[in-house]
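When the count follows our numbering, it moves up by one through the sequence shown with no breaks and lands on 618 for the last residue. Written out below as structure tokens is the structure these notes cover.
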Amino acid sequence: MEKSGQRILMGNEAIGRGLVEEGCTLVAAYPGTPSSEILSSVVSFAGETGATIHTEWSVNEKVACETALANSMAGRRSAVAMKQVGLNVAADPFTRATYLGVTGGFILIAADDPGPHSSQTEQDSRLFAHFAKAPVFDPSSPRESREMVGEAFALSEKYEIPVILRPTTRICHARQNVHCGPPVPTEQKADFRKDPGRWVATPQFLTGLHRRLNDKLDRISEEPDHDPIFYAGDGSRPGLCVVASGVAFAHARELLQGLGPAGQIDLYHVRLAYPLYRPFIGKIRENYEKTLVLEETDSVIEMQLADSRIRGRRSGDVPRQGELTPDVIEEALRTFLDLPAMPAVKPLKKGVRPALCAGCGHRAAFYAIRETFPNGIFPSDIGCYTLGMNFGAVDTCHCMGACISQGAGFYHAYAADGGTFPTIVVTIGDSTFFHAGIPGLINAVFQGARFILVILDNGTTAMTGHQPTPQAGIRADGKSGRKISIPGIVRAAGVEFLREVEAYDVPEVQRTLRDADAYIRAPEGGVAAVIAKHPCIVDRKARAAQPAYRMRITEECIGCRACIEEFECPAIVFDEDQNRARIDLNRCIGCGVCRHVCPAGAIVSDEEMRGSDGGPFRGGKR
């Protein structure tokens, strides 16, 4: 049933609502914080309003972009959502799309992560837009994010050009009242019109297409609709102004109001960050002696203003890295306005580092890997398993899928020296394997690399919100899809050594790893693959289905802290007064894996204490 009116929505939900209401017919995405909730919101709102929209969690951002682009070529409104580093994966199809143009409105939503909070880099997608020559909207609030969806579609269709919508973490996850209405009726029908000179575009056509693209950007930069919004000061500080975009504008406006009369200066809100409204550039140069530019994360607006009187990231008046939090912006404003510095703030107490959940199968697998190969080399990947670094079982983490190629690279580096090579254990998650691991695996097998690949299979894309993988056979809208087998793909890639093991069974994982190590060193060896399986413990159904033991630490504990420092389960804490470890039963889920960790055999279950489980475990490390 259709629901209209004011609703409190998260920024990503507001974007999802906008896509539904503005007649988008296909939304593809790959999950990644801070963008992950956009697609799930589209699914929810489409069901609520009765809108017909194809939604999919694509295997990666490149595939998502290409799928949505084809829908746009057929004349239908399309969108693709990803985080900022995902835009790198989609770079090939997107940069070509600006040359070729689109037919139906096309929006690429790139959620940037200043800070960063959960990303490899502080990449600014507005710079990518400048590089790709695509207009980019920079929302300052969840409500504005929703409004910009409609504006982006309109601009895209008017000029037949892809448009980027660039919310940042604070916008994606903030909440605000947003007006919700019914979807706009659309009569869009698929109608792909063949035009090889455009859609195929061999080099002979590219110069002309590039010329047309530049002309489009020139015309967009002259549209009065894109003139930054002006908030006039009281005239007491002529020659000074602030130009801001995104959440930095929202912070700056509040802070200037809080500074009282000293803060009553001219303020401009830039909504279309690229191309910047050309008459505005002239206005700033003619009317102001000093202009402070506040923008995340790089100097896109500052670069376009291009004047020695501009103050910002390039001039050093604004930090060149890190998130523009309110305190950072206030300091920049006070310096710009020649006001007293902010009072010193006592630094916050250092927090506890992130850790894998109690009962996570990845912890058991990482422990087994490190104990089996204490001198090994451990490339890993993006996801929960990055936290394997806490156990000394992750040595590199680069980008999606890179660990497999790096495993091959490490092998070839040592093989060139002759003699024995170190054991290389590559770890990658099931979702990341589908995303970017398959080409690297095929290449490694073909090039004769020798390493152990451990695929940590928890049946979901855990870190970003438990989106299903192709192996699960569940699509974004909950409908069934054909299951894609990871073992089948591994075998098809030419891997001859393949074992599947239960991640919780540490002794068995260790035996399997030793067998794999023997294989990669045998004359006929190559890449060995081990799939360590255990459902994500956050999945309530999976958790309820597994046995649960009541764990305890006996008097045999010697206070060595091995369970704390080498296993790092949140459910095991150390009592300094008693000089011994203890189980926090409020956190313990009873997986029992910790039994394999204690060198003194002091960690047991009640069942073992009673002898109902084969007697007390006293094997120590294995």
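Built from N, CA and C at the ideal position, the CB exists for glycine as well. Keep in mind it's a predicted model, so treat the numbers as computed, not measured.
CB Glu298 to CB Leu320, shorter than 7 Å?
No, Cβ-Cβ distance for Glu298 and Leu320 is not below 7 Å.
Can you give, in chain order, each stretch of the alpha helix (DSSP H) that sits fully within the region 347 to 412 and has at least 4 residues?
Qualifying alpha helix (DSSP H) stretches, in chain order: 357 to 368 and 398 to 411.
For Ile105, which three-state DSSP category applies?
It is a strand residue.
To test your reading of the DSSP string, which unbroken alpha helix (DSSP H) runs of 4 or more residues are found completely within the region 29 to 92?
Those alpha helix (DSSP H) runs which fall completely within the region 29 to 92 and span 4+ residues are 33 to 45, 57 to 69 and 80 to 85.
Validate contact between the region 237 to 247 and the region 274 to 289 using beta carbons, cut 8 Å, 3 pairs:
Contact between the region 237 to 247 and the region 274 to 289 is present, with at least three C-beta pairs closer than 8 Å.
Tell me Leu288's beta-bridge partners as DSSP assigns them.
Per DSSP, Val238 and Arg307.
Within 7 Å, strictly: CB atoms of Gln602 and Arg517
According to the sequence provided, residue 602 is Asp. The question's Gln does not apply to it. Cβ distance not < 7 Å, so Asp602 and Arg517 don't count as in contact.
Inter-residue spacing [alpha-carbon to alpha-carbon] between Leu104 and Val502:
Leu104 and Val502: Cα-Cα distance of roughly 44 Å.
Okay, do the region 449 to 457 and the region 529 to 547 touch, 3+ Cβ pairs below 8 Å being the bar?
Result yes; three or more Cβ-Cβ pairs closer than 8 Å.
From Thr117, Asp108 and Leu151, pick the residue whose C-alpha is nearest to that of Ser136; which is it?
Scanning Thr117, Asp108 and Leu151 for the CA closest to the CA of Ser136 turns up Asp108.
With 16 as the cutoff for other CB atoms within 10 Å, does Ala10 come out buried or exposed?
When all chains shown are included, Ala10 counts as buried.
Just the Cα atoms here: how many angstroms apart are Val450 and Thr368?
The alpha-carbon separation between Val450 and Thr368 amounts to approximately 13 Å.
Which residues in the same chain have their Cβ closer than 6 Å to the Cβ of Cys393, if we skip the five residues on either side of it in sequence?
Correct list, in chain order: Ser376 and Thr382.
Quick one: residues in its chain with C-beta nearer than 6 Å to the C-beta of Leu509, no 5 flanking neighbours on either side, listed in chain order?
Contacts found: Thr368.
Is Ala538 helix, strand or coil by DSSP?
The answer is helix: DSSP assigns Ala538 an H, G or I state.
N-terminal and C-terminal residue of the beta strand (DSSP E) that Val196 is part of:
For Val196, there is no enclosing beta strand (DSSP E), as DSSP marks it with neither H nor E.
Backbone secondary structure at Phe442 - three-state DSSP:
Residue state, collapsed to three classes: helix.
Could you check where the alpha helix (DSSP H) with Arg142 kicks off and where it finishes?
Unbroken alpha helix (DSSP H) run through Arg142: Pro138 to Tyr155.
Output the distance between the C-alpha atoms of Leu329 and Ala248, rounded to the nearest integer angstrom.
Between Leu329 and Ala248, the C-alpha separation is close to 8 Å.
Quick one, are the C-beta atoms of Val441 and Gly490 less than 7 Å apart?
A contact, by the Cβ cut-off of 7 Å.
Stretch pair the region 64 to 77 + the region 117 to 128: three plus CB contacts closer than 8 Å
No contact exists between the region 64 to 77 and the region 117 to 128.
Of the choices Thr94, Ala540, Glu147 and Glu156, whose alpha-carbon is the least far from that of Arg72?
Looking at the Cα atoms, Glu156 is the closest of the given residues.
So, with DSSP's three-state summary, where would you put Asp571?
In the structure shown, Asp571 sits in a strand (DSSP, three-state: E or B).
Option in Phe127, Gly259 and His50 with minimal Cα separation from Val38
Among Phe127, Gly259 and His50, the Cα nearest to that of Val38 belongs to His50.
May I have a chain-ordered list of the alpha helix (DSSP H) segments no shorter than 4 residues that lie completely inside the region 491 to 571?
Listed in chain order, they are 502 to 517 and 536 to 541.
So what's Arg576 in DSSP terms, helix, strand or just coil?
In this structure, Arg576 counts as strand in the three-state DSSP scheme.
Distance check for Leu344 and Gly14, CA to CA, integer angstroms please.
Rounded to whole angstroms, Gly14 to Leu344 spans 38 Å at the Cα level.
When burial is assigned at 16 or more other CB atoms within 10 Å of the CB, is Trp53 buried or exposed?
Buried.
Ordered along the chain, which non-local residues of its own chain (more than five positions away) have a Cβ less than 6 Å from that of Val85?
Cβ neighbours of Val85 beyond the five flanking positions: Asn56, Glu57 and Lys58.
DSSP bridge partner residues for Met338 (one or two, in chain order):
As far as DSSP is concerned, Met338 takes part in no beta bridge.
Whole-angstrom Cβ separation of Val180 and Glu18, contact assumed at under 8 Å?
The pair is a contact, with the Cβ atoms about 6 Å apart (cut-off 8 Å).
Does the region 80 to 99 come into contact with the region 121 to 130, if we say contact requires no fewer than three beta-carbon pairs (one atom in each stretch) closer than 8 Å?
Output reads yes: the region 121 to 130 touches the region 80 to 99.
Count the other CB atoms, across all protein chains shown, that sit within 10 Å of the CB of Pro138; report buried if there are 16 or more and exposed otherwise.
It is buried - the Cβ of Pro138 has at least 16 other Cβ atoms within 10 Å.
For Pro110 and Cys168, the rounded distance between their alpha carbons:
Each residue's Cα considered, the two are about 12 Å apart.
Tell me whether Phe188 sits in a helix, a strand or coil according to DSSP, three-state version.
Note: Phe188 maps to coil in three-state DSSP.
Report the residue from Asp573, Glu327, Met6 and Gln80 whose alpha carbon sits nearest the alpha carbon of Thr341.
Checking the sequence, you will find Val at residue 341 rather than Thr. The residue among Asp573, Glu327, Met6 and Gln80 with its C-alpha nearest the C-alpha of Val341 is Glu327.
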